[in-house]
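Sequences listed follow chains A and B, in order.
To convert, note that position 94 of the first sequence is 94 in our numbering; the numbers rise steadily by one, no gaps.
To convert, note that position 45 of the second sequence is 419 in our numbering; the numbers rise steadily by one, no gaps.
All residues carry an ideal CB built from backbone N, CA and C; glycine is no exception.
Below: the structure, in structure tokens.
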Amino acid sequence: MSETVEQEFAPGNHPDLPPPVSTTGIIGWSRKNLFSSPLNTILTLLTLLLLWKSLPPLFEWAVVNSISSADSRAQCWNQMSSPGAGACWAFIKDRVQLFTYGFYPHELRWRVNISFLLLALALVPVLYEKLPHRKYGLFYSAAFPFIAGWLLVGGFGLESVDTDQFGGILLTLILGVTGISFSLPIGVALALGRQSNMPVLRILCVLFIEFIRGVPLITLLFVASTMLNYFLPPGTVYALLVRVLIMVTLFASAYMAEVIRGGLQAIPKGQHEAGDSLGLTYWQAHRLIILPQAMKISIPGIVSNFIGLYKDTTLVLIIGMMDILGLGNASLADAKWAGLAMEVYIFVALYFFISCFSMSRYSLYLEKKLHTGH
Amino acid sequence: MSSASVTANEPMLLLRLWRNQEYRSVFIQIMTMLILFTFLGMIGHNVATNLEKAGKDFSFKFLSYPAGYDISFQPFISFSPTDTHLRAAVVGLLNTLLVAVSGVIIASIMGFTMGILRLSNNWLVSRLVYVFLEFTRNVPVLLHIFFVYGIFLYVLPVPKKALSISDTVFLTNRGFYWPSPVFEDGFGYVWFALLTAIVVVIAFVIWERKHQDKTGIKYPSFTISTAIIIGLPLLTFFISGSPMSWEIPVIKGFNFKGGTSIKPEYIALTFALAYYTSCFIAEIVRSGILAVSGGQSEASHALGLSHGNTLRLVVIPQALRVIIPPLASQYLNLTKNSSLAIAIGYMDIVATIGGISLMQTGREMETMIFVLLTYLIISLIISAFMNWFNKRMSIVER
């Protein structure tokens, strides 16, 4: 310090000194972000202790000590230093076919594979806005649920498969995709109905939405599994899957309607008036002016509804349908593999985490891209 | 659009009426009603024929018949197989409410804590909370319930090898056991002391407010109140010669006897629902606090308020207005999600009347209508209460 004092500089000409060591680099960063106050220091140390206590054992269990090839739990545990010291991923490996296809007939599984492929193709035009000829792609996407339905159920030249045999990821995807693709248009219609100036329509929509939102999905699924057949003309019996699909779609639409209503209410009145003054009809104004803006505002809500619906598809296991979680739970009862609950739950959790987290990331990206305001 | 636009070549009357907005809307509404009533009529007819075919009638008389099954979890009112289905439903409803209330309390505490930790300037803490939130939120709640229940089923030891803290608190696969207090004669003094302490504290707080308004001098009222409420009963307790003992759970046969216990089903359901919901609450709290503009806390610091007072008096009241509406819907979600109880065998209302009673009586229509109506009423009450609370909070707006 004394050297700099001795040297003479004209005022304002002193060369820049490097910042103090304690404010830059790792030290500066950690002083600012980890140890800025006594409380923060304690919190940091506690967190580090927690991580130190939990992460290494978890890593050891899941990776280091894990066994990936065995025929039964006994074999798995024989290969370890002590029973349960590591994860027995062999169990998941043994069951991965079941978890993917459920009880779909072996020789017909190519149809499921094609449906998965077609689903991936159908997502492309929905997700990428810059795709050439996107309009035609979207037509295909809209038609996809019906194509996949034909492929999976059969009929019209294909050998038909009983819907009771659907299961695992296949069933989860069927419920999720159907719910998502049909709840959006129905939700828009309900939201418009709720905003309508025709009292009869408005009251009907409000009653429907509030009823559905007031009861848990599981009771609606019970209605589907026990009571809905009474509503149908005598003699007609719909498969459980169809009844559940109807209920899941109705359930999701009511929630969707509320999200979209929020978007509709955020549109200033001037936009409606502008549409009227241009001579547009109600539908033209909504299609060209109101809905595009309202949908843009509601994207976060819509996507979080999708995620919620996708997670809620697991509830069907309570009425005896074997989705991925249901199959996972059921295979825990297998004497050969009993007691490996954590492996199964982690596998299912990762499956849902990956699909739902990517949905929420995509919604963030979309929000940023569509953010044209200031 | 209006009927005034009459041109030389007038179209037909019907077309003109259709182009008139008022007539059209009346027409559409009448048609909707017609379609709706036809639809309802069809359903009613179907139900009548189907019920007749199945040889059933529609009546709620079964509610007064003996249920014939036992309920494993009945903390509030007793229930035996000879009691009626209605009583089973009430026991189930109470169990639902128990999970809902305790879940809401735990979820709020966890959610507010995590929401604030998420905003902490400690990088490590806020990241760790973020990872936990994202992971928990993106996994189905049913899986969380199975997971926590799985810890009881597969990980925790049998009562004979229970995990224990100095042989008084036990954690086993049959539940959680801890000593229960046994009040002896003379404990009444302690209750009396507690009551006195509460009255004194209320009087003190009122006086303190007035005193502060008059003189501007502020006492640490929170610390003093806490000291009185805890100290006075404690002092009485020791003076009167500790009139309380503990009943420690002891292992007898295959399970523990004595003490207080909670069932694994209840713990799994409540805890899983609470931490799942708390993740959503944390995000709501975080965005609510961020919604209060920075100028507000700067202004309050400039007025000389401490950090704690800034939070308590300036930031949180304003943040609450943003937080309450979505918070209400999370509470509703938790209550509705408590119906997942049936997946792990906790006897809530869906499991009692919508599950076993339905199976035993074969009355799908009646039991389902009963359950749906109960949930509708609960939802309506919660949302009415939250609306009232929301109005109270936001009335200060000019």
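Which whole-angstrom value is the C-beta distance of Ile-324 (chain A) and Phe-99 (chain A), which I expect to be below 8 Å? Between Ile-324 (chain A) and Phe-99 (chain A) the beta-carbon gap is near 6 Å, inside 8 Å, which marks them as a contact.
So, at 8 Å on beta carbons, what are the nonlocal neighbours of Leu-370 (chain A) in its own chain, with the 5 sequence-adjacent residues on each side left out? Lys-296, Ile-299
Buried or exposed (CB count within 10 angstroms, at least 16 for buried), Asp-16 (chain A): The residue is exposed, with fewer than 16 neighbouring Cβ atoms inside 10 Å.
Looking at chain B, is there any beta carbon in it that lies within less than 8 Å of the beta carbon of Phe-59 (chain A)? Output row for Phe-59 (chain A): interface = no.
Smallest Cα separation from Leu-732 (chain B): which of B:Thr-423, B:Phe-434, B:Leu-388? B:Phe-434
Best match in B:Leu-498, B:Asn-761, B:Leu-677, B:Phe-550 for proximity to Ser-36 (chain A) [C-alpha to C-alpha]: B:Leu-498
In three-state DSSP terms, what is Leu-537 (chain B)? For Leu-537 (chain B), the three-state secondary structure derived from DSSP is strand.
Take Ser-115 (chain A) and list the residues in its own chain whose beta-carbon comes closer than 7 Å to its own, dropping the five residues that flank it on each side. Ala-148, Leu-151, Leu-152
Below 8 Å on the Cβ atoms is my guess for Asn-33 (chain A) versus Asn-495 (chain B); work out the distance and round it to an integer in Å. 7 Å
Any C-beta of chain A within less than 8 Å: which residues of the segment 494 to 507 of chain B qualify? Ser-494, Asn-495, Asn-496, Trp-497, Leu-498, Val-499, Leu-502
By the three-class DSSP mapping on this structure, what secondary structure does Glu-343 (chain A) have? helix
Helix, strand or coil for Glu-621 (chain B) per DSSP? strand
Are the C-beta atoms of Ala-62 (chain A) and some chain B residue less than 8 Å apart? no
Please confirm whether Ala-648 (chain B) has its beta-carbon closer than 8 Å to some beta-carbon of chain A. no
Going along the chain, which residues of the segment 332 to 349 of chain A sit with their C-beta nearer than 8 Å to a C-beta in chain B? Gly-339, Ala-341, Met-342, Tyr-345, Val-348, Ala-349
State the start and end residues of the unbroken alpha helix (DSSP H) segment that holds Val-188 (chain A). 168 to 195
Which residues does DSSP pair with Cys-653 (chain B) in a beta bridge? Answer by DSSP bridge pairing: none, since Cys-653 (chain B) is not bridged.
Alpha helix (DSSP H) runs wholly inside the segment 309 to 342 of chain A, at least 4 long, in chain order: For the segment 309 to 342 of chain A, whole alpha helix (DSSP H) runs of length 4 or above, ordered along the chain, are 324 to 331.
Burial state of Phe-654 (chain B) (16 or more Cβ within 10 Å): buried
Would you call the segment 160 to 168 of chain A in contact with the segment 309 to 328 of chain A, where contact means no fewer than 3 C-beta pairs closer than 8 Å? yes
Span of the beta strand (DSSP E) holding Leu-545 (chain B)? 543 to 546
Going by DSSP, name the residue or residues bridged to Val-556 (chain B). B:Ser-619
Inter-residue Cα distance where the pair is Gly-308 (chain A) and Glu-657 (chain B): 15 Å
Report yes if the C-beta distance between Val-348 (chain A) and Leu-517 (chain B) is below 8 Å; otherwise report no. yes
Can you pull the chain A neighbours of Gly-717 (chain B), defined as C-beta to C-beta under 8 Å? The amino acid occupying residue 717 (chain B) in the given sequence is Ala; Gly does not appear at that position. Simply Leu-317, Ile-318.
So if I threshold CB-CB distances at 8 Å, which residues from the segment 226 to 252 of chain A count as touching chain B? Those would be Thr-226, Met-227, Asn-229, Tyr-230, Phe-231, Leu-232, Pro-233, Pro-234, in chain order.
For Ile-218 (chain A) versus Ser-713 (chain B), is the C-beta distance shorter than 8 Å? yes
Using the three-state DSSP reduction, which class does Leu-158 (chain A) fall into: helix, strand or coil? DSSP, read as helix, strand or coil, puts Leu-158 (chain A) in strand.
Only counting runs of 4 or more residues, tell me where the alpha helix (DSSP H) segments fall wholly within the segment 50 to 131 of chain A, in order along the chain. 73 to 78, 89 to 101, 109 to 127
6 Å Cβ shell around Gln-448 (chain B) - same chain, five flanking residues per side excluded: Only Val-465 meet the Cβ criterion.
Reducing DSSP to helix, strand and coil, say where Lys-626 (chain B) ends up. strand
Environment of Phe-759 (chain B) [buried if 16+ CB atoms lie within 10 Å]: exposed
Taking just the CA atoms, how far does Glu-343 (chain A) sit from Ala-335 (chain A)? 16 Å
Would Lys-427 (chain B) be called buried (16 or more neighbouring beta carbons within 10 Å of its own) or exposed? exposed
6 Å CB neighbourhood of Ile-480 (chain B) in its chain, flanking five on each side removed: Ala-648
Would you grab the beta carbon distance between Ile-519 (chain B) and Leu-706 (chain B) for me? Rounded to a whole angstrom, and I think it's under 8 Å. Cβ atoms of Ile-519 (chain B) and Leu-706 (chain B) stay farther apart than 8 Å, at about 18 Å.
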